[in-house]
Amino acid sequence: MRRTIQFRLNGEAVEAQVAPHETLVEVLQESFGLYGARESCGQGLCGCCTLLVDGTAVSGCLYLATLVEGREVASIEENPEPDAVQEAFVERSAFQCGFCTPGFVLMTRQLLDEHPDPDDDTIRHYLAGNLCRCAAYPEIIEAVKLAARKRRNPG
Amino acid sequence: MKRATQATETPQVGRSVPRLESWLKVTGKAEYVHNLRLPGMLYGKIFRSNIAHGRIKRIDVSAAQALAGVYRVVTGQDIRKIVPEPYYGPAFHDQPILALDKVRYVGEPVAVVLASDPHVAEEAVHLISAEYEELPAVYDEVEAMTSKAIVHDALKPAGTFPDLKYLKGKTNTNIALDFRLRRGDAGKALKGAERVFEHRFRTQQVMHTPLEPLVSVAESTERSLTIHTASQSPSFVRIEIARLLGWPENRIRVRVPFLGGGFGAKLYIKLEALVAVLSLLTKKPVKVSLTMEEQFFTITKHASTFRIRSGVTKGGRLVARDCEVWWNGGAYADIGPRVTQKSGFTAPGPYDVQDVSIDSYALYTNLPPAGALRGFGIPQLVWAYESHTDMIAREMGIDPIEFRRKNLLREGRPQATGTLMKDAALEKVLERLSVLMSWEKPIERGSGSIRRGRGIAIGFKACIANTTSLAAVNINADGSVTVYTSCVDMGQGSDTAMAQIAAEVLQVAAESVTVVHSDTDVTPFDMATLGSRSLFHSGNAVKLAAEDALQKIVQLKKELSLPADAAIADVFRKKYGMRAGSVTGTGSFIPPYTPPDENGQTDNATPFWMVGASGVEVEVDTETGRVKVTRLVNVADVGTPINPRVVETQLSGGAIMQLGFSLFEKMLFDEGGQLRNASLAEYKIPGFLDVPENIINEAVVAEQRNGPFGGKGVGETATFGVSPAIANAIHDAVGVRLTELPMTPEAVFMALQKK
Numbered sequence: 001m002r003r004t005i006q007f008r009l010n011g012e013a014v015e016a017q018v019a020p021h022e023t024l025v026e027v028l029q030e031s032f033g034l035y036g037a038r039e040s041c042g043q044g045l046c047g048c049c050t051l052l053v054d055g056t057a058v059s060g061c062l063y064l065a066t067l068v069e070g071r072e073v074a075s076i077e078e079n080p081e082p083d084a085v086q087e088a089f090v091e092r093s094a095f096q097c098g099f100c101t102p103g104f105v106l107m108t109r110q111l112l113d114e115h116p117d118p119d120d121d122t123i124r125h126y127l128a129g130n131l132c133r134c135a136a137y138p139e140i141i142e143a144v145k146l147a148a149r150k151r152r153n154p155g
Numbered sequence: 156m157k158r159a160t161q162a163t164e165t166p167q168v169g170r171s172v173p174r175l176e177s178w179l180k181v182t183g184k185a186e187y188v189h190n191l192r193l194p195g196m197l198y199g200k201i202f203r204s205n206i207a208h209g210r211i212k213r214i215d216v217s218a219a220q221a222l223a224g225v226y227r228v229v230t231g232q233d234i235r236k237i238v239p240e241p242y243y244g245p246a247f248h249d250q251p252i253l254a255l256d257k258v259r260y261v262g263e264p265v266a267v268v269l270a271s272d273p274h275v276a277e278e279a280v281h282l283i284s285a286e287y288e289e290l291p292a293v294y295d296e297v298e299a300m301t302s303k304a305i306v307h308d309a310l311k312p313a314g315t316f317p318d319l320k321y322l323k324g325k326t327n328t329n330i331a332l333d334f335r336l337r338r339g340d341a342g343k344a345l346k347g348a349e350r351v352f353e354h355r356f357r358t359q360q361v362m363h364t365p366l367e368p369l370v371s372v373a374e375s376t377e378r379s380l381t382i383h384t385a386s387q388s389p390s391f392v393r394i395e396i397a398r399l400l401g402w403p404e405n406r407i408r409v410r411v412p413f414l415g416g417g418f419g420a421k422l423y424i425k426l427e428a429l430v431a432v433l434s435l436l437t438k439k440p441v442k443v444s445l446t447m448e449e450q451f452f453t454i455t456k457h458a459s460t461f462r463i464r465s466g467v468t469k470g471g472r473l474v475a476r477d478c479e480v481w482w483n484g485g486a487y488a489d490i491g492p493r494v495t496q497k498s499g500f501t502a503p504g505p506y507d508v509q510d511v512s513i514d515s516y517a518l519y520t521n522l523p524p525a526g527a528l529r530g531f532g533i534p535q536l537v538w539a540y541e542s543h544t545d546m547i548a549r550e551m552g553i554d555p556i557e558f559r560r561k562n563l564l565r566e567g568r569p570q571a572t573g574t575l576m577k578d579a580a581l582e583k584v585l586e587r588l589s590v591l592m593s594w595e596k597p598i599e600r601g602s603g604s605i606r607r608g609r610g611i612a613i614g615f616k617a618c619i620a621n622t623t624s625l626a627a628v629n630i631n632a633d634g635s636v637t638v639y640t641s642c643v644d645m646g647q648g649s650d651t652a653m654a655q656i657a658a659e660v661l662q663v664a665a666e667s668v669t670v671v672h673s674d675t676d677v678t679p680f681d682m683a684t685l686g687s688r689s690l691f692h693s694g695n696a697v698k699l700a701a702e703d704a705l706q707k708i709v710q711l712k713k714e715l716s717l718p719a720d721a722a723i724a725d726v727f728r729k730k731y732g733m734r735a736g737s738v739t740g741t742g743s744f745i746p747p748y749t750p751p752d753e754n755g756q757t758d759n760a761t762p763f764w765m766v767g768a769s770g771v772e773v774e775v776d777t778e779t780g781r782v783k784v785t786r787l788v789n790v791a792d793v794g795t796p797i798n799p800r801v802v803e804t805q806l807s808g809g810a811i812m813q814l815g816f817s818l819f820e821k822m823l824f825d826e827g828g829q830l831r832n833a834s835l836a837e838y839k840i841p842g843f844l845d846v847p848e849n850i851i852n853e854a855v856v857a858e859q860r861n862g863p864f865g866g867k868g869v870g871e872t873a874t875f876g877v878s879p880a881i882a883n884a885i886h887d888a889v890g891v892r893l894t895e896l897p898m899t900p901e902a903v904f905m906a907l908q909k910k
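Going down the list, the protein sequences come from chains A and B.
Quick note: the first sequence uses the numbering used here, first residue 1, plus one each step.
Quick note: the second sequence uses the numbering used here, first residue 156, plus one each step.
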């Protein structure tokens, strides 16, 4: 019972054949070859599957693909060149295995959009829904702060 | 990223080079098996046992097979068509690819549905039913010693380990290994001791929860098999699959890209034998990728019980220790017998004790199998001996650091095995921890319902021996450098470290070196990436290979009458008349080792020692029992850090992981052996709000003289001391002693009530 849906993906108009039970992560992987959002816990608790729908972070492993019809979806593959957040994550070694990293990067962008100069407490609470089993949490706090500085003072 | 060859005289070792694959990881482009799709691929979904122990009477797959879209349903009997004796395992050949005569734990794989749509396969799994004749089950490791419930009818040691051979064919027992160490006469010394202390400790069963769940893909032809797998041990996978199939190793290829975390979960055979046989049965590529829930039914960390008894002089000198440790290995041995022995021999702790007795038992029970998890059994042991040591010190009125100082193993002194301590900076680590904790100054004790305390603990670990690593280093015609190693980068940064080691020898920038990922058709043998062995073993092999390549270049320059400082590209151009050729250096490393005698004695138990200590300050809420770690200090001997930043992140990450095992992680089973919390909703791992705000990680100035450029492993070191340091701090704060993990608010509250 597939049907065609149209939406915008990383700035481009696209369409996909989706079944009612298919999640956004599945459709990005199977139809578009985008693997940056990953299913891990399968319950929307770890943040590895984080995607943005109309600019708001969602758990892509639970979010049904049919719901994005006519909407704007952004994934980690959105920007061809690394941004300040990605640079900061590299410079501060804010990851180890990297499996959770795209989710953290997307959440950090949303965090910095809302709080351009966040303190530790704001960062910890805002990112509390993303898990990192390698536990690079202290390094992520450093990276978020560095990214905030980079965004405030570009170049 | 710069990929050109850069000749340099800048030291490459000791530099905080960002991980080579950094950009791939932050852009979501790093390769994981998770991403892999092959044309015509089938997805396998597993039907699992819902009872803990029973004989299989009937498996009904007819409804599943009839579901539209199902390609095939496979049971253990089908596996036998490809592999007549389908039992695998690193220490015992005890684990069937799919259950055969019996099931031995809730969650054991019994059948697999294959379909090109994973949702169809999943739906069909629910249409399978099985009937069992239930058998009595045993769950507790101490009960398993004498239980009438016997998990395996006969023991089947793998034969690769000579010391397990005597267990072959043994019946009516759940003991998979009884390791014994005797040094002096602990019984006599305890009788004569001025003070004797005895305590009993427990640790709980927990799981690694790598965020990339276990996943393997196999593709095959009539005479070849390729396995793409998230594995920490590609060389072992190839050997074991070759043994199962009766094929030569050169027809089996095992490829491993990046791992989304490992922590010991992805060792030996996990899904590899299953996907291999499924692919050979169907002649199609097959992928099995577990859910987070299924990982809990695959591999876990040993629960354990440890009874420890110490004899002490009035002055606080430890004279004897008697240790009995029971390891809950679950239904299949995995590497449990090695944990029992290789960690077991450090059970008395890093102390200079004249008379020691150790009995360490690997036990089968009807729980999910247990294997290696970041420490190979050491955190369980340190939990007990460092809680015990603190209890002795506090009861005798001796400062806990002073007590340890008095008893610490010094350089050159014999450890319990008789092996002399070498390059183990125990004193330095303890003293540095004392300074960083400002131990001399009293702390603010709190008031009302919030009470403060502090505690420390120190542990050590021998590296597993004896194990082999090989490596190759290619110098290409343009002078660029490629490293070939089967060491697996699961996040610990080994690619970067190996590049730095090769770069240091060859005087090129580490960033310009390419490290080829494990591929058994390409990269040389490496025992496995486990137990903090790789920086030392693979690192030494890479160093030898780079030196060999360099030697060949020097030789070429001589032959071609080129000056010593000639550019490498010019050497090849002169030799071949154009840009052509390459030079390959090889390195093979196996450190010396002496197997222990019947009393566990050996003059060379390990190629190196790891030392880790932690100190914590806690706040205990006496109304709720909640423990908040306000400060966490981790100090370690990692030799000379090859990459200081990566070392720091490994120490920090290891300690935070152990914090989860200390305070809240626990697999909860009901009376029928059914796991009640197999999901991240009910099994909580540390998140941002669990991390202490104040963490310090430090590697003391040290050198591992037989390590590559003075380095040694660091992946597990910071896990050692965390749990007992917290227990010791809780006692310091509120005067109650916890002897079981995890130290939940409920446990602390109940202990406060009892007091």
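All C-beta atoms in this analysis are idealised placements derived from N, C-alpha and C, irrespective of residue type, glycine included.
Just so it is clear, the structure is predicted and the values come from calculations on it, not from any experiment.
Where are the alpha helix (DSSP H) runs, 4 residues long or more, that stay fully inside the stretch 318-380 of chain B, in chain order?
341-347
Between residue 525 (chain B) and residue 361 (chain B), what straight-line distance do the alpha-carbon atoms span, to the nearest angstrom?
To locate residue 525 (chain B), count along the second sequence from 1; it is residue 370. To locate residue 361 (chain B), count along the second sequence from 1; it is residue 206. Roughly 9 Å separates the two Cα atoms.
Excluding the 5 residues preceding and the 5 following residue 1 (chain A) in the sequence, name in chain order all residues of the same chain whose CB lies nearer than 8 Å to its CB.
Along the first sequence, read from residue 1 onward, the residue named residue 1 (chain A) stands at position 1. Once the five neighbours on either side are set aside, the close Cβ partners of residue 1 (chain A) are 19 and 20.
Thinking C-alpha only, which one of B:595, B:335 and B:439 is nearest residue 756 (chain B)?
Taking the second sequence and counting its residues from 1, one reaches residue 756 (chain B) at position 601. Minimum Cα distance to residue 756 (chain B) is reached at B:335.
Since residue 235 (chain B) is in the alpha helix (DSSP H), which residue starts that stretch and which ends it?
Along the second sequence, one-based indexing puts residue 235 (chain B) at 80. Where residue 235 (chain B) is concerned, the enclosing alpha helix (DSSP H) stretches over 231-237.
List, in chain order, every chain A residue whose beta-carbon is nearer than 8 Å to that of residue 423 (chain B).
Walking along the second sequence from the start, residue 423 (chain B) turns up at place 268. The contacting residues do not exist; residue 423 (chain B) stays about 20 Å from chain A at best.
With burial defined as no fewer than 16 other Cβ atoms inside 10 Å of the residue's Cβ, what is the status of residue 321 (chain B): buried or exposed?
On the second sequence, residue 321 (chain B) is found 166 positions in, with the first residue counted as 1. Looking at its Cβ environment, which holds fewer than 16 other Cβ atoms inside 10 Å, residue 321 (chain B) is exposed.
In the DSSP output, which residue or residues are listed as bridge partners for residue 516 (chain B)?
Residue 516 (chain B) sits at position 361 when you count from the first residue of the second sequence. The partner list for residue 516 (chain B) (beta bridge, DSSP) reads B:333 and B:481.
What I want to know is whether the C-beta of residue 634 (chain B) ends up closer than 8 Å to one or more non-hydrogen atoms of the ligand HEM.
Looking for the ligand HEM in the displayed structure turns up nothing, as the structure carries no ligands at all.
Please tell me whether residue 10 (chain A) has its Cβ less than 9 Å away from any Cβ of chain B.
Translated into positions along the first sequence, residue 10 (chain A) becomes position 10. No, residue 10 (chain A) does not count as interfacial toward chain B.
For residue 562 (chain B), collect the residues of the same chain with a Cβ closer than 7 Å to its Cβ; drop the 5 residues on either side in sequence, then sort them by chain order.
The count along the second sequence starts at 1 and reaches residue 562 (chain B) at position 407. Counting only Cβ-Cβ distances below 7 Å, and skipping sequence neighbours, we find 472, 473, 506 and 507.
Measuring straight from C-alpha to C-alpha, what distance separates residue 462 (chain B) and residue 482 (chain B)?
Residue mapping note: residue 462 (chain B) aligns to position 307 of the second sequence, counting from 1. Residue mapping note: residue 482 (chain B) aligns to position 327 of the second sequence, counting from 1. Using only the alpha carbons, I get a separation of about 12 Å.
With DSSP run on the structure shown, which of helix, strand or coil describes residue 765 (chain B)?
Start at 1 with the first residue of the second sequence, and residue 765 (chain B) comes out as number 610. The answer is strand: DSSP assigns residue 765 (chain B) an E or B state.
Fully enclosed by the stretch 530-558 of chain B, which alpha helix (DSSP H) runs are 4 residues long or longer?
533-550
Using a Cβ cut-off of 9 Å (strictly closer), state whether residue 146 (chain A) contacts chain B.
Along the first sequence, one-based indexing puts residue 146 (chain A) at 146. Residue 146 (chain A) does not count as touching chain B.
In three-state terms, what does DSSP make of residue 731 (chain B)?
Taking the second sequence and counting its residues from 1, the one referred to as residue 731 (chain B) is at position 576. Note: residue 731 (chain B) maps to helix in three-state DSSP.
Please report how far the alpha carbon of residue 263 (chain B) lies from the alpha carbon of residue 493 (chain B), in whole angstroms.
To locate residue 263 (chain B), count along the second sequence from 1; it is residue 108. To locate residue 493 (chain B), count along the second sequence from 1; it is residue 338. Cα to Cα, the separation comes out at about 23 Å.
Along the chain, where does the beta strand (DSSP E) that runs through residue 837 (chain B) open and close?
Within the second sequence, numbered from 1, the residue matching residue 837 (chain B) stands at position 682. That residue, residue 837 (chain B), is in no beta strand (DSSP E); it is neither H nor E in DSSP.
With residue 638 (chain B) and residue 668 (chain B) assumed to form a contact (beta carbons below 8 Å), what rounded beta-carbon distance in angstroms separates them?
Position 483 of the second sequence, counted from the first residue, corresponds to residue 638 (chain B). Position 513 of the second sequence, counted from the first residue, corresponds to residue 668 (chain B). That belief holds up - the Cβ atoms of residue 638 (chain B) and residue 668 (chain B) are roughly 6 Å apart, short of 8 Å.
Relative to the C-alpha of residue 682 (chain B), which residue among B:862, B:391, B:509 and B:850 is closest?
Reading the second sequence from its first residue, position 527 is the one you call residue 682 (chain B). Here the closest residue by C-alpha is B:391.
Could you check where the alpha helix (DSSP H) with residue 778 (chain B) kicks off and where it finishes?
On the second sequence, residue 778 (chain B) is found 623 positions in, with the first residue counted as 1. For residue 778 (chain B), there is no enclosing alpha helix (DSSP H), as DSSP gives it neither H nor E.
Provide the residue(s) that pair with residue 136 (chain A) in DSSP beta bridges, ordered along the chain.
Translated into positions along the first sequence, residue 136 (chain A) becomes position 136. Under DSSP, residue 136 (chain A) takes part in no beta bridge, so it has no partner.
Check the Cβ of residue 137 (chain A) against every Cβ in chain B and list those closer than 7 Å, keeping chain order.
In the first sequence, counting from the first residue as 1, residue 137 (chain A) sits at position 137. Per Cβ cutoff of 7 Å: 811, 843 and 846.
Give the residues from the stretch 360-392 of chain B that approach chain A closer than 9 Å (Cβ to any Cβ), ordered along the chain.
363, 364, 365, 366, 367 and 368
For a contact meaning CB atoms closer than 9 Å, what does residue 77 (chain A) contact in chain B?
For the purposes of this step, residue 77 (chain A) is taken as residue 77 along the first sequence, with counting starting at 1. Correct list: 182, 183 and 184.
For the beta strand (DSSP E) that contains residue 264 (chain B), what are its first and last residues?
Locating residue 264 (chain B) in the second sequence gives position 109, counting from the first residue. Its beta strand (DSSP E) spans residues 264-270.
Terminal residues of the continuous beta strand (DSSP E) containing residue 631 (chain B)?
Counted from its first residue, the second sequence places residue 631 (chain B) at position 476. First-last of the beta strand (DSSP E) with residue 631 (chain B): 624-631.
Compute the Euclidean distance between the alpha carbons of residue 407 (chain B) and residue 381 (chain B), then round it to the nearest angstrom.
Looking up residue 407 (chain B) in the second sequence gives position 252. Looking up residue 381 (chain B) in the second sequence gives position 226. So the two alpha carbons sit approximately 6 Å from each other.
When we look at the beta-carbon of residue 324 (chain B) and count the other beta-carbons within 10 Å, is it buried (16 or more) or exposed?
Stepping through the second sequence from its first residue, residue 324 (chain B) is reached at position 169. Residue 324 (chain B) should be labelled exposed.
Short check: CB of residue 162 (chain A) to CB of residue 181 (chain B), under 9 Å?
Residue 162 (chain A) cannot be examined here, being either before or after the span of chain A that is shown, 1 to 155.
Since residue 36 (chain A) meets chain B, which of its residues come closer than 8 Å, beta carbon to beta carbon?
The count along the first sequence starts at 1 and reaches residue 36 (chain A) at position 36. Correct list: 182, 183 and 184.
In the DSSP assignment, find the unbroken alpha helix (DSSP H) run with residue 433 (chain B) in it and report its ends.
Start at 1 with the first residue of the second sequence, and residue 433 (chain B) comes out as number 278. If you look at residue 433 (chain B), you'll find it in the alpha helix (DSSP H) that goes 427-437.
For residue 201 (chain B), list the residues DSSP reports as bridge partners.
Position 46 of the second sequence, counting from 1, holds the residue named residue 201 (chain B). Per DSSP, B:267.
Leaving out five residues before and five after residue 62 (chain A) in sequence, what residues of the same chain have Cβ atoms less than 7 Å from its Cβ?
Here residue 62 (chain A) refers to the residue found at position 62 of the first sequence. Within the same chain, 23 and 44 come within 7 Å of residue 62 (chain A) by CB-CB distance, once the 5 residues on both sides are set aside.
Along chain B, in chain order, which residues have C-beta atoms closer than 7 Å to that of residue 17 (chain A)?
Your numbering for residue 17 (chain A) matches position 17 in the first sequence. Those within 7 Å of residue 17 (chain A) in chain B number zero; the least Cβ separation is about 13 Å.
Report the neighbours of residue 885 (chain B) on chain A: residues whose CB is nearer than 8 Å to its CB, in chain order.
As a working note, residue 885 (chain B) is residue 730 in the second sequence. Residues of chain A with a Cβ closer than 8 Å to the Cβ of residue 885 (chain B) do not exist; the shortest Cβ-Cβ separation is about 22 Å.
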